[in-house]
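Residue numbers (our numbering): 18 to 243.
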């Protein structure tokens, strides 16, 4: 397995040192290196990678704030000169917290944890949903009944819980396996396995009645075999 990775450090010497360490790890692909947290954030809003290794204390935006700002953060390894940020960083569920100077052995241990995480959790098994400023929820796809657009937000309705996150329905759909989720209306995305019946211009998922628009009716009927 190849782990796609970006690194971020506003210290050029530290950045070069990290690049050198990563070159010796065969199953890791360094996609980009950033010295500006602002540019790293902009890049991550448009691109996906498995892992980010980031410094914490930086001008304009620190590493903790950067990860909190992302709707769909990758796995994270924090690297800092200061152990004092460790407790705060744990709220963001990092894979590892490395204290500089970073040794090759420590980095390899951290990357191995990433490998284990990716191997044990297939990408289509769950989705990370951000609620509020810095709360991230790992939601199993099997638990999702449907997703509903709500102005600038979407509501993710699960069997026993509901999540609300600031993004578009299109953004969520792009992160879900197309063979498991289908649009039934411009404002609704449903989990195919939870569809129970179709009646006219609506369909039923447990106790919920979901609208079925003309534009999506044929595709839904084809999937249901009706």
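Positions of the beta carbon are idealized from the N, C-alpha and C atoms, including for glycine.
| Identity of the residue in 157, 121 and 202 nearest residue 39 by Cα | For the purposes of this step, residue 39 is taken as the residue at position 22 of the chain shown. Selected option, being the one with the closest Cα: 121.
| Looking only at its own chain, which residues have a Cβ that is under 8 Å from the Cβ of residue 87, when we skip the five neighbours before and after it? | In the chain shown, the residue the question calls residue 87 occupies position 70. Excluding sequence positions up to five before and after residue 87, its CB lies within less than 8 Å of the CB of 58, 61, 62 and 147, all in the same chain and listed in chain order.
| Residue nearest to residue 119 in terms of C-alpha spacing, selected from 102, 112, 110 and 95 | For the purposes of this step, residue 119 is taken as the residue at position 102 of the chain shown. Looking only at 102, 112, 110 and 95, the smallest Cα-Cα distance to residue 119 is reached by 95.
| field | Simplified DSSP state of residue 36, which is helix, strand or coil | value | By one-based count along the chain shown, residue 36 stands at place 19. Residue 36 falls in the helix class under three-state DSSP.
| request: Using only alpha-carbon positions, find the residue among 168, 211 and 42 that is nearest to residue 197. | output: As a first step, residue 197 must be located in the chain shown, where it is residue number 180. Among 168, 211 and 42, the Cα nearest to that of residue 197 is on 211.
| query | When the Cβ atoms of the segment 69-80 are set against those of the segment 92-109, are three or more pairs found closer than 8 Å? | reply | yes
| task | Whole angstroms is fine: what's the gap from residue 178's alpha carbon to residue 195's? | result | Within the chain shown, the letter at position 161 stands for residue 178. Within the chain shown, the letter at position 178 stands for residue 195. One C-alpha to the other measures close to 23 Å.
| field | Distance CB(residue 131)-CB(residue 112) smaller than 7 Å | value | Here residue 131 is taken as the residue at index 114 of the chain shown, counted from 1. Here residue 112 is taken as the residue at index 95 of the chain shown, counted from 1. For the pair residue 131 and residue 112, the CB atoms are nearer than the 7 Å cut-off.
| request: Within the same chain, show all residues whose beta-carbon is closer than 7 Å to that of residue 105, passing over the 5 residues directly before and after it, in chain order. | output: By one-based count along the chain shown, residue 105 stands at place 88. Same-chain partners within the cutoff: 81.
| query | Near residue 150, which residues of its chain fall below 8 Å by C-beta distance, leaving aside the five closest residues on each side in sequence? | reply | For the purposes of this step, residue 150 is identified with residue 133 of the chain shown, where counting begins at 1. Closer than 8 Å at Cβ, skipping near neighbours: 85.
| task | Please name the residue in 48, 225 and 28 whose C-alpha comes closest to that of residue 22. | result | Here residue 22 refers to the residue found at position 5 of the chain shown. Of the candidates 48, 225 and 28, the one whose C-alpha sits nearest the C-alpha of residue 22 is 48.
| said: Would residue 128 and residue 25 qualify as a contact pair, given that the criterion is a beta-carbon distance under 7 Å? | reply: For the purposes of this step, residue 128 is identified with residue 111 of the chain shown, where counting begins at 1. For the purposes of this step, residue 25 is identified with residue 8 of the chain shown, where counting begins at 1. Residue 25 sits away from residue 128, with the two beta carbons spaced by 7 Å or more.
| query | Taking just the CA atoms, how far does residue 37 sit from residue 29? | reply | Taking the first residue of the chain shown as position 1, residue 29 is located at position 12. Taking the first residue of the chain shown as position 1, residue 37 is located at position 20. Residue 29 and residue 37: Cα-Cα distance of roughly 12 Å.
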